Amino acid sequence: MMGDLTNHFGDDASLDEPTTHSILAFLKKNSAENSTHQASLKILKSLKDKNSTIAITKTPYWIKKHKELEQDIFASNEVKSKANCQACHQEIQNGLLENDLIKVPKIKKG
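Take any residue in the sequence shown, note its place counting from 1, add 44, and you have its number in the numbering used here.
See the structure below:
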């Protein structure tokens with residue numbers, strides 16, 4: 045994820061060295077490998093090659109958990125992309141992914 049910031053998903057996200065080290069330390073401390081959260085453990089377990097997948101939305105666990113949603117919801121004005129977890133998981137910033145905290149927005153059709 046941090047290996048080639050000059051081409052970070054098509055953008056130049058280059059950072060100075062102290063900022064890079066600070067972000068790397070945060071990412072390592074909060075990675076699935078160091079988490080006790082059930083969802084993190086399930087995501088990690090679903091990966092065949094733990095070094096090849098950097099987008100949570102590409103993991104087998106994420107795909108399985110979101111397969112029943114209409115895929116156009118991710119392009120809706122309410123959600124905008126698969127990367128916008130907070131659109132439905134309103135407490136994700138606190139590490140909470142419990143089912144009773146999920147609120148899938150109603151999208152306007154037509």
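Beta carbons are placed, not taken as given, at the ideal position from N, Cα and C, and that holds for glycine. All values derive from a computational prediction rather than experimental measurement.
Exercise for the section: Spell out a yes or no on whether the segment 45-54 and the segment 64-78 are touching, meaning 3 or more CB-CB pairs, one atom from each, closer than 8 Å. Expected result: yes
Exercise for the section: Between the Cα of residue 106 and those of 63, 76, 152 and 90, spot the shortest distance and give me the residue it belongs to. Expected result: 90
Exercise for the section: Quickly, what does DSSP pair residue 55 with across the bridge? List them, please. Expected result: 52
Handout entry: residue 110 - containing alpha helix (DSSP H), residue span
Key = 104-110
Exercise for the section: Confirm, please, whether the CB-CB distance from residue 141 to residue 83 is below 7 Å. Expected result: yes
Problem - Classification of residue 72 by the beta-carbon crowding that lies within 10 angstroms, buried from 16 upward - result: exposed
Handout entry: Residues that DSSP places opposite residue 98 in a beta bridge
Key = DSSP lists no partner for residue 98.
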